[in-house]
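First comes the structure, then the notes that go with it.
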Amino acid sequence: EAGVVQSPRYKIIEKKQPVAFWCNPISGHNTLYWYLQNLGQGPELLIRYENEEAVDDSQLPKDRFSAERLKGVDSTLKIQPAELGDSAVYLCASSLFRESEELFFGEGSRLTVL
Amino acid sequence: SQQGEEDPQALSIQEGENATMNCSYKTSINNLQWYRQNSGRGLVHLILIRSNEREKHSGRLRVTLDTSKKSSSLLITASRAADTASYFCATARTGANNLFFGTGTRLTVIP
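Protein chains in written order, with the working numbering: chain A, 21 to 134; chain B, 894 to 1004.
Structure, rendered in structure tokens:
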């Protein structure tokens, strides 16, 4: 069974440029999460989807971040424009159940903003 | 914001020794989970303990939960070099459907 797939693994951009990250969750997992992980810290939730509905986006900086999950399967997280402080790892995770049970994480997308 | 605090922040032991990491949290929970993260990789789920459980085992892992003290510990017995990683506790708060991760413990096992 394939795990959570994320791309790209690494991205280097200049500030003010846009960037997008893509995530394909495990087949059958209706719940999808995007987390932000700064160096030396634990993941922090950005947004959670139940199927195609964003049920918790309270921590998503909506002035520059956007996300979508069309058809309730794969998802895209976009930053426009990127700032220096956005340099971090963006992790996607999925789970089988709605309630907070085991999460399956992708390898992450490491963003460097110059 | 992060829910849990792991202690210690970093731990270095010899191969074969036991490693103990602690996690403290602030609110009531439904369950507490431990994850491992190898450098540059995603997180991998290790074990889940529910609020009505006090101890759980999985292979060389032993997790305890004390809800009165709002704390948990992860014990890795007979450590191996391959156990070198960061370990995170994550709490599922009562009434919330999200996991809140702690700051992590960086474990180094010296061969």
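Here a beta-carbon is modelled for each residue, glycine too, at the ideal position from N, C-alpha and C.
(request) For the region 928-960 of chain B, enumerate the residues whose C-beta is nearer than 9 Å to any C-beta of chain A, in chain order. (result) Within the region 928-960 of chain B, the qualifying residues are Tyr-928, Gln-930, Gly-933, Arg-934, Gly-935, Leu-936, Val-937, His-938, Leu-941.
(message) Does chain B have any CB closer than 8 Å to the CB of Pro-81/A?
(response) Indexing the first sequence from 1 puts residue 81/A at position 61. Cβ-Cβ to chain B under 8 Å: no for Pro-81/A.
(request) Output, in sequence order along the chain, the residues in the region 120-134 of chain A whose CB is closer than 9 Å to any CB in chain B. (result) Those would be Ser-120, Glu-121, Glu-122, Leu-123, Phe-124, Phe-125, Gly-126, Glu-127, Gly-128, Arg-130, in chain order.
(message) Just checking: is the beta-carbon of Leu-992/B within a distance shorter than 8 Å of some beta-carbon in chain A?
(response) The residue given as residue 992/B occupies position 99 in the second sequence. True, the Cβ-Cβ gap to chain A drops below 8 Å.
(message) Pull the bridge partners of Ser-27/A from the DSSP assignment, please.
(response) For the purposes of this step, residue 27/A is taken as residue 7 along the first sequence, with counting starting at 1. DSSP output for Ser-27/A lists Trp-42/A as bridge partner(s).
(request) In the DSSP assignment, find the beta strand (DSSP E) that holds Lys-963/B and state where it starts and stops. (result) Counting from one through the second sequence, the residue named residue 963/B turns up at place 70. Looking at the DSSP string, Lys-963/B is not in any beta strand (DSSP E), and its letter there is neither H nor E.
(message) Can you confirm whether the region 90-107 of chain A touches the region 909-919 of chain B when touching is taken to mean that 3 or more C-beta pairs between the two stretches lie within less than 8 Å?
(response) no
(message) Beta carbons nearer than 7 Å to chain B: which residues of the region 48-76 of chain A have them?
(response) Gln-61, Gly-62, Pro-63, Glu-64, Leu-65, Arg-68, Asp-76
(message) So that I know if they touch, is there some Cβ in chain B lying closer than 8 Å to that of Leu-97/A?
(response) Translated into positions along the first sequence, residue 97/A becomes position 77. Not closer than 8 Å to any Cβ of chain B, the Cβ of Leu-97/A fails to qualify, so no.
(request) Report yes or no: is there a C-beta of chain B within less than 8 Å of the C-beta of Leu-116/A? (result) Looking up residue 116/A in the first sequence gives position 96. Closer than 8 Å: no.
(request) Going by DSSP, name the residue or residues bridged to His-938/B. (result) Position 45 of the second sequence, counted from the first residue, corresponds to residue 938/B. DSSP, once it has assigned bridges, lists Tyr-928/B as partnering His-938/B.
(request) My understanding is that Thr-930/B touches His-938/B, with C-beta atoms under 8 Å, so please give their C-beta distance in whole angstroms. (result) For the purposes of this step, residue 930/B is taken as residue 37 along the second sequence, with counting starting at 1. For the purposes of this step, residue 938/B is taken as residue 45 along the second sequence, with counting starting at 1. First, the residue type needs correcting, since residue 930/B is Gln and not Thr in the sequence shown. 11 Å between Cβ atoms; not a contact.
(message) Tell me which residues share the same chain as Ser-894/B and place their Cβ nearer than 6 Å to its Cβ, disregarding the 5 neighbours each side in the sequence.
(response) As a working note, residue 894/B is residue 1 in the second sequence. Only weak support exists for where Ser-894/B lies, its pLDDT of 48 falling under 50; the coordinates are left without a value.
(request) Flag this pair as touching only if the region 110-118 of chain A and the region 45-58 of chain A have three or more C-beta atom pairs under 8 Å; answer yes or no. (result) Verdict: yes, contact present.
(request) Note down, in chain order, every chain A residue with its Cβ under 9 Å from the Cβ of Thr-996/B. (result) Taking the first residue of the second sequence as position 1, residue 996/B is located at position 103. Residues of chain A passing the Cβ test: Gly-60, Gln-61, Gly-62.
(message) DSSP has Thr-984/B in a bridge; who is on the other side?
(response) Taking the first residue of the second sequence as position 1, residue 984/B is located at position 91. Leu-925/B, Phe-993/B, per the DSSP bridge assignment.
(request) Report the rounded CA-to-CA distance for Asn-945/B versus Ser-921/B, giving the unit in angstroms. (result) Taking the first residue of the second sequence as position 1, residue 945/B is located at position 52. Taking the first residue of the second sequence as position 1, residue 921/B is located at position 28. One C-alpha to the other measures close to 12 Å.
(message) Output needed for Thr-1001/B: all residues of its chain with C-beta closer than 8 Å, excluding positions within five of it in sequence on either side, in chain order.
(response) Residue 1001/B sits at position 108 when you count from the first residue of the second sequence. So the list reads Ala-903, Leu-904, Ser-905, Ile-906, Thr-977, once near-sequence residues are dropped.
(message) I'd like the ranges of any beta strand (DSSP E) spanning at least 3 consecutive residues and lying wholly in the region 68-98 of chain A.
(response) 73-76, 85-88
(message) Does any residue of chain B have a CB that is nearer than 8 Å to the CB of Leu-104/A?
(response) Position 84 of the first sequence, counted from the first residue, corresponds to residue 104/A. It does not; no Cβ of chain B falls within 8 Å.
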